[in-house]
Amino acid sequence: MDKHQTSINGIIIPVDWNTEGKVLKIAIVTFDEDTVMVADNACCRNLMNHIRKTVTVSGEISIINAVKKMRVEHFEIHQNI
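Count the sequence shown with this note's numbering and you get residues 125 to 205, in order.
This is the structure in structure tokens:
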């Protein structure tokens with residue numbers, strides 16, 4: 125498993141919901157069309173309040189079975205134009 129610190133820019137999207145439609149998991153879609161899943165932690169739960177917003181996230185990213193997943197340690201929400 126490859127892990128390293130990085131920052132990425134993209135848009136927060138929902139990727140999993142419960143039966144009532146509540147978002148359970150999110151990902152960041154980058155501007156070069158890469159998708160990075162967001163690991164569940166306090167930052168992730170905060171990011172869930174900003175679906176479809178542009179963001180810069182920083183943290184540890186890992187790749188397991190071709191799936192990229194980031195443990196977000198810091199983020200900045202950008203004003204969408």
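In this text, a Cβ means the ideal position worked out from N, Cα and C, and glycines have one as well. In this text the structure is predicted, and so the values were computed from the model without any measurement.
Under 8 Å between C-beta atoms of residue i and residue j
i	j	result
residue 185	residue 128	yes
residue 154	residue 162	no
residue 136	residue 179	yes
residue 139	residue 175	no
Local Cβ density within 10 Å of residue i, reported as buried at 16 or more and exposed below that
i	result
residue 196	buried
residue 181	buried
residue 132	buried
Backbone CA spacing between residue i and residue j [nearest angstrom]
i	j	result
residue 152	residue 183	13 Å
residue 201	residue 143	28 Å
residue 192	residue 171	17 Å
residue 141	residue 199	23 Å
Residue(s) in a DSSP beta bridge with residue i
i	result
residue 133	180
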